[in-house]
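J.:
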Amino acid sequence: MGEGKSSQLQKLKVMKMYIFCHYVATATYAVINKQAHFLKFYLAILCQIISVSIVYAEPYIPDQDSVILQILPTTSDSRIQSLRQLRIDLSNSPDDLVRAVELARGYLQMGRTMADPRYEGYAQAALQPWWNMALPPPDVLILRAILRQRQHDFTDALSDLNQALQEQPANTQGWLIQAAVYQALGDYPAAYRSCLPLYHLKLDFLATACIASVSSLNGRASESYKALQKIIRVENAFAPQEKLWVLTILAETAARLEKNSEAESYFQAALAVNHQDAYLLGAYSDFLLDQNQPENVQTLLKQAVQSDSLLLRQTIAAQQLNAPEFEKSTETLKARFAASRLRGEMRHLREEAQFMLHLLHQPQKALKLAMENWQLHREPKDARILLEAALQCNDRATAQPVIDWLKSVNLEDSKLDTLVRQLS
Amino acid sequence: MKLRIILFFLGSVFTVFCGLAMAHKASDSYLRFTIDKNIIQGQWDIALRDLDYAIGLDDNSDGRITWGELRARHQAVNEYALSRLQVYGNGARCQPQIPEHLVDHHTDGTYTVLRFTVICTDAIDMFEVAYDLLFDLDSLHRGLLQVDANGQVQTAVFSPEQRKIRLDLKKSTPWREFLQFGQEGVWHIWIGFDHILFLISLLLPAVLCWQAGNWLPQHSLRLALWEVFKIVTAFTIAHSITLCLAVFGLVSLPTRWVESVIAVSVLLAALHNLYPVISNRLWVMTFVFGLIHGLGFASVLIDLGLPGQSLALALAGFNLGVEIGQIAIVGLFVPLAFLIRRTGFYQRYVLHFGSVLIALIACIWLVERSMAIEWKVLEWI
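Protein chains in written order, with my numbering: chain A, -19 to 404; chain B, 5 to 385.
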């Protein structure tokens, strides 16, 4: 059947015209007769149809040359400038390992600050000549591990780290990343083993922080908290990035132990070090939402970049405040998760489960996603969304293995404790 | 209420600006093909950010890409993008023609939209696409492919590991055909303004009753709905009869004649609201004219190209689609009309003014169709 593009376009135009006429007529009527209650429902549906069709309806030709179509990441930023120069240099000699590693590192850092996955793709492309090697140089191995870990390919990330650390046992960053990956997978003994070499490298502060980070989830929350408090007071113990890391662990541990005012002040201290770090912003937003302060979440994230996970928190806050952008952000999130499914990615299972449960109110689907997520990720937040979904589905059986696991590792978290109590 | 409306408009402005702001997701391009025999319509959405990274768009380096800057680089965009895309029909390379450039917004920003036609030598059974955009610069880039052929939509993803995709364009199944014709039916009542205006003209007075030379509001919803039911059913039965007869070739009238009579039917229906003569048996008039409208639907259906084997199924699907489209119109119109039937606004403006307007449009149609001229007065519809 010869259905051409132009006829499709005509259909869309016709549909939009209908909606528009209908909308104008209804609105006129509402103003004339002041019959607001009847039209509320009617208009809500129309608003949805129109707002979706405005943004995603159909391609068009802008009417003026001066129309701004896209704002690029801040070009004035000196880091972007130097990365651009480095990229030009590298394109002239793509096999230059030193330059490639420097460029990839720069992009990775940029990706973390901006919470922008495109930089991960650029970093990987810079490493292309070495990417598919079984045993690339150690620097490439570490970067490949970081990229694979961000893409949630933990098995390959760990094998890269293992290889790199065999060749370079003094690679501090390698040990710390390995510990973090094992911790996220819930393999605490392996995480401890990755922290220990730091003592041999005479990096006592980092080693202590590394171990405290693991043990705060593994039955010694109060002790770890005290140890971290002690070392954070030492002047010049940490570089800024490390300080940010330790302060974030302190804040999260305090929140799990229900020391809310202390958590608040550690979050603030961490923000003073770096107010753009996407992980920190996410963790602080979660804390604020738990403290019933959605308006502070909005203030906090107003200037922040729109990564899926931050947008999710913003939308939950908007929902609690009945803010006008709620419906729009929900649509955006829906489109983002759909886009990531189209790509065949499984990156944001936890966020998608949270979206299903808290914003779309579909506990069954949320529980399914949370279970899929739990196969791999074992952080307190992963447990929490699963238990929350199970509680709403009244499905104690599904929650049981998670509850058992939490008991077996002795994870102390007041929010999780409450959920476990509610489920029993 | 007013506040709500204002909020809504602010909301839409906000969404447009949202498209400008930076949102974050990995890089994707959206590549869609609609295939009809040997002709392929292509649409390719590529993010401006990606194009800027690859070939540079921000001419004055102010961190903003304007339409002017993009327009100046259209030639470069064509060369860059199309050199990284190859289309094959039955193994032979087909050449894309020069694309038309538009823009669109996705969740992570603005995209350039290339619309192009690809002509292959013969009807395509085996469709193959080779894609090599951006993989050298961004290893996480993906090309999301959607191919629409014979009423079947297939999707696939290009990645650095999979740069070639081959699709077998099988013939469609009867069930799909049924659904597709159903969809066409819905659309053809929606874009067939004459049918809608006819229906609306008849429905306008359904919530009123004509007594002693005046329109009075109908008392109960039940009576109003009964009136609507009679009209809609009469229309449906009548046009179904002639639609079937025409499609099976038992009745055939000149299109120009049919179209003109349809215009007359709209005119009469509208005039009848202004000077009512029949008060109880409006459905009889509906039935008579419905027969003509059925012939109008039939010409649309025949134009779509009828499948040989599953004609009955296609016909049933199309007719069902027309009914669904019609019910949607009734569902939107009747509750609203019933609620405001007592107001002077309804009787004075909606009924009278609406009927006059419909009659006027019908007059224009009648002249245009009977004399086979186009005034372009109503081109916007």
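Even glycine gets a Cβ: it sits at the ideal position worked out from N, Cα and C. The structure displayed is predicted, hence computed values, not measured ones.
Just checking, does the stretch 107 to 123 of chain A make contact with the stretch 307 to 324 of chain A on the three C-beta pairs under 8 Å criterion?
T.: No, the stretch 107 to 123 of chain A does not touch the stretch 307 to 324 of chain A.
J.: Which full runs of the beta strand (DSSP E) of 3+ residues lie inside the stretch 67 to 91 of chain B, going along the chain?
T.: You should have 68 to 70.
J.: Along chain A, in chain order, which residues have C-beta atoms closer than 8 Å to that of valine 107(B)?
T.: Neighbours of valine 107(B) on chain A, chain order: Pro39, Tyr40, Ile41, Pro42, Leu49.
J.: Spell out whether any CB of chain B is found under 8 Å from the CB atom of aspartate 45(A).
T.: Interface residue, yes.
J.: Spatial neighbours of serine 31(B) within its chain, please: C-beta separation below 8 Å, excluding the five flanking residues on both sides.
T.: The residues are Ala51, Arg53, Asp54, Leu138, Asp142, Leu144, His145, Arg146.
J.: Note down, in chain order, every chain B residue with its Cβ under 9 Å from the Cβ of proline 116(A).
T.: None at all; the shortest Cβ gap to chain B is about 14 Å.
J.: Can you pull the chain B neighbours of proline 343(A), defined as C-beta to C-beta under 9 Å?
T.: Result: empty, since nearest Cβ-Cβ is about 25 Å, beyond 9 Å.
J.: What whole-angstrom Cβ distance do glutamine 344(A) and cysteine 373(A) have, given they're in contact under 8 Å?
T.: With a Cβ gap of about 6 Å, glutamine 344(A) and cysteine 373(A) count as contacting.
J.: Quick one, are the C-beta atoms of proline 221(B) and arginine 345(B) less than 8 Å apart?
T.: Yes, the Cβ-Cβ distance between proline 221(B) and arginine 345(B) is below 8 Å.
J.: So aspartate 119(A) packs on arginine 128(A), CB below 8 Å; how close in whole Å?
T.: The pair is not a contact, with the Cβ atoms about 15 Å apart (cut-off 8 Å).
J.: Report the rounded CA-to-CA distance for leucine 183(B) versus glycine 155(B), giving the unit in angstroms.
T.: So the alpha carbons of these two residues sit roughly 9 Å apart.
J.: Does the beta carbon of glycine 325(B) sit closer than 8 Å to a beta carbon anywhere in chain A?
T.: By this cut-off, glycine 325(B) is not an interface position.
J.: Pull up the distance between the alpha-carbon of leucine 361(B) and that of glutamate 83(B), whole angstroms please.
T.: The alpha-carbon atoms of leucine 361(B) and glutamate 83(B) are separated by roughly 51 Å.
J.: For chain A, is any of its Cβ atoms less than 8 Å away from the one on alanine 352(B)?
T.: The residue asked about is misnamed: residue 352(B) is arginine in this sequence, not alanine. Output row for arginine 352(B): interface = no.
J.: Taking Cβ-Cβ distances shorter than 7 Å, what residues in chain B pair up with threonine 312(A)?
T.: Within 7 Å Cβ-Cβ: Thr111.
J.: Below 8 Å, how does it come out for the stretch 261 to 268 of chain B and the stretch 313 to 325 of chain B: are there three or more Cβ pairs, yes or no?
T.: Not touching, per the Cβ criterion.
J.: For a test of the three-state rule: what should DSSP assign to tyrosine 279(B), helix, strand or coil?
T.: Of the three classes helix, strand and coil, the one that applies to tyrosine 279(B) here is coil, per DSSP.
J.: Under 7 Å between beta-carbons, which chain B residues line up against alanine 319(A)? List them in chain order, please.
T.: In chain order: Lys29, Asp32, Thr111.
J.: Should serine 33(B) be labelled buried (16 or more other beta-carbon atoms within 10 Å of its own) or exposed?
T.: With 16 or more Cβ atoms within 10 Å of its Cβ, serine 33(B) is classed as buried.
J.: Starting from glutamine 108(A), find everything on chain B with Cβ-Cβ shorter than 8 Å and list it in chain order.
T.: What glutamine 108(A) touches in chain B: Asp140, Ser143.
J.: Excluding the five sequence neighbours on either side, which residues of its own chain have a C-beta within less than 8 Å of the C-beta of threonine 152(A), listed in chain order?
T.: Leu178, Leu181, Leu183, Leu186, listed in sequence order.
J.: Taking the alpha carbon of aspartate 397(A) as the reference point, which residue from Ile211(A), Ala105(A), Ala363(A) has its own alpha carbon closest?
T.: Checked all of Ile211(A), Ala105(A), Ala363(A); the closest Cα to aspartate 397(A) is Ala363(A).
J.: Apart from the five residues on each side of it in sequence, which residues of its chain come closer than 8 Å, Cβ to Cβ, to glutamine 273(A)?
T.: Correct list: empty, nothing qualifies.
J.: From the beta carbon of isoleucine 123(B), is the nearest beta carbon of chain A less than 8 Å away?
T.: Closer than 8 Å: no.
J.: Tell me whether phenylalanine 357(B) is buried or exposed, calling it buried when 16 or more other Cβ atoms sit within 10 Å of its Cβ.
T.: The residue in question, phenylalanine 357(B), is exposed, as its Cβ has fewer than 16 Cβ neighbours within 10 Å.
J.: Drop a sphere of 10 angstroms on the beta-carbon of glutamine 163(A), count the other beta-carbons inside from all chains shown, and report buried for 16 or more, exposed for fewer.
T.: Classification of glutamine 163(A): buried, given that the 10 Å Cβ count is 16 or more.
J.: Give the straight-line distance between the Cα atoms of alanine 231(A) and arginine 323(A), rounded to the nearest whole angstrom.
T.: Each residue's Cα considered, the two are about 35 Å apart.
J.: Would DSSP call asparagine 390(A) helix, strand or coil?
T.: Residue state, collapsed to three classes: coil.
J.: Is the Cβ of proline 97(A) closer than 8 Å to any Cβ of chain B?
T.: Chain B, which has a Cβ nearer than 8 Å to the Cβ of proline 97(A), makes this yes.
J.: So, does the CB of tyrosine 102(A) fall closer than 8 Å to a CB anywhere in chain B?
T.: With 8 Å as the cut-off, tyrosine 102(A) counts as an interface residue toward chain B.
J.: Under 7 Å, CB to CB, which of the residues in the stretch 60 to 86 of chain B have a partner in chain A?
T.: Flagged, chain order: Asp62, Ser65, Gly67, Arg68, Ile69, Thr70, Trp71, Gly72, Leu74, Arg75.
J.: Is it buried or exposed, alanine 114(A), if we count other Cβ atoms within 10 angstroms and call 16 or more buried?
T.: Exposed.
J.: On the DSSP letters alone, give me the boundaries of the beta strand (DSSP E) that valine 117(B) sits inside.
T.: Valine 117(B) -> beta strand (DSSP E) spans 113 to 123.
J.: For threonine 290(B), tell me which candidate among Arg226(B), Ala242(B), Leu324(B), Arg68(B) has the shortest Cα-Cα distance.
T.: If we check each option's Cα against that of threonine 290(B), Ala242(B) comes out closest.
J.: Return the chain-ordered list of same chain residues with a C-beta closer than 6 Å to the C-beta of glutamine 402(A), the five sequence neighbours on each side being excluded.
T.: Closer than 6 Å at the Cβ level, and outside the excluded window around glutamine 402(A), lie Leu371.
J.: Judging by CA-CA distance, which residue of Leu107(A), Thr93(A), Leu49(A) is the nearest neighbour of serine 73(A)?
T.: Of Leu107(A), Thr93(A), Leu49(A), the residue nearest in Cα terms is Leu107(A).
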